[in-house]
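Visitor: Numbered per the working numbering, the sequence shown spans residues 198 to 460.
Where is the CB? At the ideal position from N, CA and C, for every residue including glycine.
Quick caveat, the model's predicted, so the values are computed rather than measured.
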Amino acid sequence: MEHMNEPEPVVVAVDFTATELRLMMSDLAGQPLIRQLHPLPELPTEEAWAWEVGGRISTLFAAEGNKRWALAIGVACPGVVDGPAGRLVESDGQEGWDGLAVVEALRRHIDTPVVALSRIEAALRGEASAGAAASAYDSLYVALNQHPAAAMMSGGRIVGGGSGRAGALPALPEMVPGEPLDDETVQAAASLLADASALLDPSVIVLHGDPAQVDALIPILQGVLDEIAPGPQVVPAALGENAAILGAYHAAAIVAYEGERHE
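1) Specify whether the stretch 234 to 253 and the stretch 297 to 307 touch according to this definition: at least 3 beta carbon pairs, one from each stretch, less than 8 Å apart.
2) In its own chain, which residues sit with a C-beta less than 7 Å from the C-beta of D279, not counting the 5 before and 5 after it?
3) Give the C-beta separation of V403 and A434 to the nearest angstrom, bearing in mind that I take them to be a contact with Cβ-Cβ under 8 Å.
4) Going by C-alpha to C-alpha distance, which of E244, A313 and E239 sits closest to V209?
5) Looking at the unbroken alpha helix (DSSP H) that takes in Q410, where does it start and where does it end?
6) Kindly provide the ranges of any alpha helix (DSSP H) runs that are 4 or more residues long and lie completely inside the stretch 248 to 288, ordered along the chain.
7) Could you tell me which of L341, G364, A259 and L366 sits nearest to D412, measuring between CA atoms?
8) CB-CB under 7 Å to Q186, same chain, minus the five flanking residues each way: which ones, in chain order?
9) Would P206 and L268 qualify as a contact pair, given that the criterion is a beta-carbon distance under 8 Å?
10) Which same chain residues, not among the five before or five after A247, have their C-beta less than 8 Å away from its C-beta?
11) Out of V277, N263, P310 and F258, which has the shortest C-alpha to C-alpha gap to A450?
12) Is E376 helix, strand or coil when you go by DSSP?
13) Take the Cβ of V439 as the centre, count every other Cβ of all protein chains shown within 10 Å, and call the residue buried at 16 or more, exposed below.
14) Since V421 and A391 should fall inside the 8 Å C-beta cutoff, what is the C-beta to C-beta distance between them, to a whole number of angstroms?
15) Can you list, in chain order, the residues of its chain with a C-beta nearer than 8 Å to that of E457? Leave out the 5 residues immediately preceding and following it.
16) Can you tell me whether P408 is buried or exposed, with buried defined as 16 or more other CB within 10 angstroms of its CB?
17) To the nearest angstrom, how far is it from the Cα of D423 to the Cα of A333?
18) Let's see if you can read the secondary structure: which residues bound the alpha helix (DSSP H) around L234?
19) Alpha helix (DSSP H) containing I317: first to last residue?
20) Counting only runs of 3+ residues fully inside the stretch 335 to 407, write out the beta strand (DSSP E) ranges in chain order.
21) Compare the beta carbon distance of G444 and A319 with 8 Å and say whether it is the shorter of the two.
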């Protein structure tokens with residue numbers, strides 16, 4: 198009788214925005230096995246979103262002849278996420294995604310543990326695991342884009358806040374990618390981030406955004422910090438758009454480990 202190999206357990210990471218879907222299947226050591234990038238069409242309902250994203254995940258396994266199975270899935274979502282509820286509360290992506298039940302919707306397609314987190318938290322997890330904040334237990338990650346936000350890690354743990362909104366930066370000046378920053382914008386951003394740093398006391402501040410804008414802001418912010426709250430080093434993000442999906446992997450790996458430990 199031909200010997201049948203047992204399916205191999207893997208971890209799946211998902212990162213989606215209004216227009217793109219990234220997928221990564223990795224082994225339990227974190228080695229990526231498959232990476233995919235897909236455009237996202239308009240998905241006005243939860244059902245449409247679940248069929249599109251859940252279908253893409255299912256296709257990953259079908260294309261491999263179902264030789265693998267998902268031990269856990271981590272999903273990086275655009276906006277404010279209620280982690281315990283597995284819900285995208287306020288979306289920075291498509292209209293109609295507010296309240297998207299990410300975990301419940303995907304589990305209707307794939308019966309495996311699913312964890313949802315914000316893209317900003319996922320990006321910090323990614324940079325902390327293998328990027329610009331890899332050696333830091335206390336770090337501040339700031340995304341300088343049209344939806345500016347930050348995420349904080351203290352003592353190796355993410356600070357989420359009571360409603361998951363920790364890190365919101367409503368007063369940060371808008372920075373449109375590709376447009377140069379004037380002195381007023383740079384000074385205003387540096388002042389706000391310096392105040393945040395003085396409050397949170399990170400050892401490293403990671404800035405992600407348009408490279409020219411990041412390069413313009415780093416020396417100004419570093420100078421302000423050196424004067425009023427010395428200690429933190431301001432650095433550019435190392436992983437770019439790959440940070441969030443790597444962070445989603447690490448979030449899923451924690452869930453997978455917890456599941457195995459309690460079996």
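Guide: Judging by the given coordinates:
1) yes
2) V286 and G361, listed in sequence order.
3) 5 Å
4) A313
5) P408 to I425
6) none
7) L341
8) No statement about residue 186 is possible, as the shown extent of the chain runs from 198 to 460 and does not include it.
9) yes
10) A302, L303, R305 and H306
11) P310
12) The DSSP-derived three-state label of E376 is coil.
13) Residue identity check: residue 439 is Asn in the sequence provided, not Val. Label assigned to N439: buried.
14) Taking a contact as a CB-CB distance under 8 Å, the pair V421 and A391 counts as one, their CB atoms being some 4 Å apart.
15) With a pLDDT of only 49 at E457, under 50, the local geometry of the prediction cannot be trusted, and the value read off the model is given with reservation. Shown here for E457: same chain residues with a beta carbon closer than 8 Å to its own, the five before and five after excluded, namely L268 in chain order.
16) exposed
17) 19 Å
18) Careful: L234 lies outside any alpha helix (DSSP H), inside the beta strand (DSSP E) at P229 to P236.
19) R316 to A327
20) 336 to 341, 346 to 351, 354 to 356 and 401 to 406
21) Contact: yes.
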